[in-house]
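One point on numbering: in this note's numbering, the residue at position 183 of the sequence shown is 183, and numbering is uninterrupted. Worksheet: one structure, shown below.
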Amino acid sequence: ELFALAQQHGVQLRMESTVMAGTPVLSATREGMAGAHISAIRGILNGTTNYILSAMVSGRDYSEVLAEAQAQGYAEADPTADVEGYDALAKVLILASLVFGQTLKPDEVYRQGITAITSEQVRKADKNDQRIKLVASLVSHPGDAILEAKVAPVELPLSDPLARVDGVMNAITIHSDTLQEVTVIGPGAGRLQTGQGLLADLLAIAKTT
């Protein structure tokens, strides 16, 4: 609806900071990879959950690390949006629209948070050279108009670039026909970082009007 209104009035609608703050993800897919067929996107799109899961590798309990994240300002007093996957889900909806041109409803995205993840599970994964991450994913299957969308904890081998992203950092891996696999890693929150995304959008609009 918003894009239709923007087109109707001859203006641009840009939203770089909505996914990974100022880290250039949306512009990378829409402009930097223009002409490529993107078949899948996988990402760590929430810094709070990544901070918690990263800290739990050392054997600490979920509740202890959550309290620490709240004390440091990484998590809200009510962390539901982060730890239950709603924040990442919202970003999946944005990516589905901007990258794949599909409008999804929240109930069309499989969502599972990290509240049930135990320190034992995290340590077991670590012993098997794996990391548990809350991964947001969009997969377009050939010949199928349905876009598979998920937000869920996944055990990733250390060979996966997403597995090595720790703390509050975010990352996204884009699969395409021409560039195969491209991973972008960067901060997903912060005033300066979000401001960078807004500034980039304003400059892009100024250059094309």
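Built from N, CA and C at the ideal position, the CB exists for glycine as well.
With 16 other CB atoms within 10 Å as the buried threshold, where does residue 17 fall?
buried
Kindly indicate which residue of 51, 15, 22, 138 has the alpha-carbon position closest to the one of residue 184.
22
In whole angstroms, what separates the C-alpha of residue 124 from that of residue 14?
42 Å
Which residue marks the beginning of the alpha helix (DSSP H) containing residue 49, and which one marks its end?
47-56
When the Cα of residue 37 is compared with those of 199, 99, 152, 7, which residue comes out closest?
99
If we count the other Cβ atoms within 10 Å of its Cβ and call it buried at 16 or more, is residue 191 buried or exposed?
exposed
So, helix, strand or coil for residue 94, using DSSP?
helix
Tell me which residue opens and which closes the beta strand (DSSP E) that residue 140 is part of.
130-140
Whether or not the stretch 110-125 and the stretch 82-102 are in contact is what I'm after, with contact meaning three or more pairs of Cβ atoms, one per stretch, closer than 8 Å; do they touch?
yes
From what residue to what residue does the beta strand (DSSP E) around residue 180 run?
180-187
Can residue 19 and residue 91 be called in contact, C-beta distance under 8 Å?
yes
If we count Cβ pairs, one from each stretch, closer than 8 Å, do we get three or more for the stretch 131-148 versus the stretch 62-78?
no
Where does residue 114 sit, in a helix, a strand or coil, going by DSSP?
coil
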